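J.: Pasting a structure below so you can have a look.
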Amino acid sequence: KDAITSRVFVSADASLFNNELISESGFDNLQFGLNIVNWLTYGEPKDDWVIVFDEAHIRPELARDMTSAGIFGFITQYIIHLSTNPITAWIYPLLAIYSLKKYLPKKDEKSEKKKADEQDKKEEREKFRTSSFFAEKIGWYREKSRYGKALTLLYRRLERKLNVLLRGQKITTKNVIDLVISKEPKTTKIKIRRIAKFMDTMISIKEGKSKVKNEQGFENLYFEMEWVVNNI
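The opening position of the sequence shown corresponds to residue 381 in this note's numbering, with each subsequent residue numbered one higher.
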């Protein structure tokens, strides 16, 4: 079709310009393709013209074509329409980014937060190991194997806070959990179980029913104690 400022050529063969026969001397596919391009450009220098290939219309009329060619044609139709329309061409790059954003891989925020928390915990442990408290005290406790005694002394800080919050009630796991729930009714079960487990362990250690056997156990309970102090 010959328009005023452009020409349109329609073909049912999508591979017209790249099929295997184009290089066979026994066929005139190459010349046919050159003739089409020459006609589309009015025989003028090719650098002065833009040829747009549109395969979007090579599809069933009454049904959706889910073949690779059909999907490619659908996407091509969308791109050509928006990128060649004078009204939308200037903003098309932004529209493309907005449209494709939901299909792009998203950063796993939970995984990133977990890694950051683990790194913070690791740094805190390293700081604890090199602190003056640890350097001076843990040597003595390691030599005497009295990790439980060390934790009991550290536990006094938490006891003072609990005595104020419980207002004279005995420090028991149940009373502490009731206190936490009364302060924050929507406290998660995971948080409640974690606090309960720590309180059971510390009360048992203080009463002499349980022992901390090694340095790793001491460190774990020390950091858990810090967490409990900040969450009640």
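Even for Gly, the Cβ is constructed at its ideal location relative to N, Cα and C.
These numbers come from a predicted model, not from an experiment.
Report yes if the C-beta distance between Leu559 and Leu538 is below 8 Å; otherwise report no.
T.: Start at 1 with the first residue of the sequence shown, and residue 559 comes out as number 179. Start at 1 with the first residue of the sequence shown, and residue 538 comes out as number 158. Cβ distance not < 8 Å, so Leu559 and Leu538 don't count as in contact.
J.: Between the segment 526–543 and the segment 572–586, do at least 3 Cβ pairs fall closer than 8 Å?
T.: These segments touch.
J.: In chain order, what residues of the same chain lie with their CB nearer than 7 Å to the CB of Ser549, ignoring the 5 residues before and after it?
T.: Along the sequence shown, read from residue 1 onward, the residue named residue 549 stands at position 169. Just to set this straight, residue 549 is Gln in the shown sequence, not Ser. Answer for Gln549: Asn555, listed in chain order.
J.: If you drop the 5 nearest sequence neighbours on each side, which residues of the same chain put their C-beta closer than 8 Å to that of Ser403?
T.: Counting from one through the sequence shown, the residue named residue 403 turns up at place 23. Taken in chain order, the residues that qualify are Leu410.
J.: Do you know whose CA, among Asn543, Asp434 and Phe389, lies nearest Thr456's CA?
T.: Here residue 456 is taken as the residue at index 76 of the sequence shown, counted from 1. Closest option to Thr456, Cα to Cα, is Asp434.
J.: Locate the alpha helix (DSSP H) running through Trp470, then write down its first and last residues.
T.: The sequence position of residue 470 within the sequence shown is 90, counting from 1. Note, Trp470: premise wrong, no alpha helix (DSSP H); not H, not E.
J.: Output the distance between the C-alpha atoms of Tyr458 and Ser491, rounded to the nearest integer angstrom.
T.: Indexing the sequence shown from 1 puts residue 458 at position 78. Indexing the sequence shown from 1 puts residue 491 at position 111. The alpha-carbon atoms of Tyr458 and Ser491 are separated by roughly 36 Å.
J.: Can you grab the Cα-Cα spacing for the pair Gly528 / Met605, in whole Å?
T.: Stepping through the sequence shown from its first residue, residue 528 is reached at position 148. Stepping through the sequence shown from its first residue, residue 605 is reached at position 225. Their backbone Cα atoms lie some 13 Å apart in a straight line.
J.: Go through its chain and collect everything with a Cβ distance to Leu601's Cβ below 6 Å, but skip five positions before and after it.
T.: Stepping through the sequence shown from its first residue, residue 601 is reached at position 221. Contacts found: Leu531.
J.: Roughly how far, in whole angstroms, is the beta-carbon of Leu475 from the beta-carbon of Leu462, given that I think they are within contact range, below 8 Å?
T.: In the sequence shown, the residue the question calls residue 475 occupies position 95. In the sequence shown, the residue the question calls residue 462 occupies position 82. Right, their Cβ atoms sit about 6 Å apart.
J.: Can you name, in chain order, every residue of its own chain whose Cβ lies under 8 Å from the Cβ of Ile431, other than the five neighbours on each side?
T.: Taking the sequence shown and counting its residues from 1, one reaches residue 431 at position 51. Excluding residues within five positions, the ones whose Cβ falls inside 8 Å are Val417, Leu420 and Thr421.
J.: Do you know how far the Cα of Asn594 is from the Cα of Arg547?
T.: If you number the sequence shown from 1, residue 547 lands on position 167. If you number the sequence shown from 1, residue 594 lands on position 214. The alpha-carbon atoms of Arg547 and Asn594 are separated by roughly 35 Å.
J.: Give the DSSP-derived three-state secondary structure of Arg547 in the structure shown.
T.: For the purposes of this step, residue 547 is taken as residue 167 along the sequence shown, with counting starting at 1. When secondary structure is reduced to three states using DSSP, Arg547 falls in the coil class, being assigned neither helix nor strand.
J.: Around the Cβ of Gly453, are there at least 16 other Cβ atoms within 10 angstroms (buried) or fewer (exposed)?
T.: Counting from one through the sequence shown, the residue named residue 453 turns up at place 73. Buried.
J.: Can you tell me the Cα-Cα spacing of Val592 and Arg526, whole angstroms?
T.: The residue labelled residue 592 in the question sits at position 212 within the sequence shown. The residue labelled residue 526 in the question sits at position 146 within the sequence shown. C-alpha separation (whole angstroms): 8 Å.
J.: From this set, Phe603, Val608, Lys502 and Gln596, which residue's C-alpha is nearest Ala576's C-alpha?
T.: Here residue 576 refers to the residue found at position 196 when the sequence shown is read from its first residue. Closest option to Ala576, Cα to Cα, is Val608.
J.: Indicate the three-state DSSP secondary structure (helix, strand or coil) for Arg573 in the structure shown.
T.: In the sequence shown, counting from the first residue as 1, residue 573 sits at position 193. Arg573: helix per DSSP, three-state reduction.
J.: Does DSSP classify Asp434 as helix, strand or coil?
T.: Position 54 of the sequence shown, counted from the start, is the residue given in the question as residue 434. Coil at Asp434, not helix or strand.
J.: Between which two residues does the alpha helix (DSSP H) containing Phe598 stretch?
T.: The residue you call residue 598 lines up with position 218 of the sequence shown. Counting along the chain, the alpha helix (DSSP H) containing Phe598 begins and ends at Glu595 to Val609.
J.: Does the distance from the CB of Ile570 to the CB of Ile557 come in under 8 Å?
T.: Residue 570 sits at position 190 when you count from the first residue of the sequence shown. Residue 557 sits at position 177 when you count from the first residue of the sequence shown. For Ile570 and Ile557, no; Cβs fall outside 8 Å.
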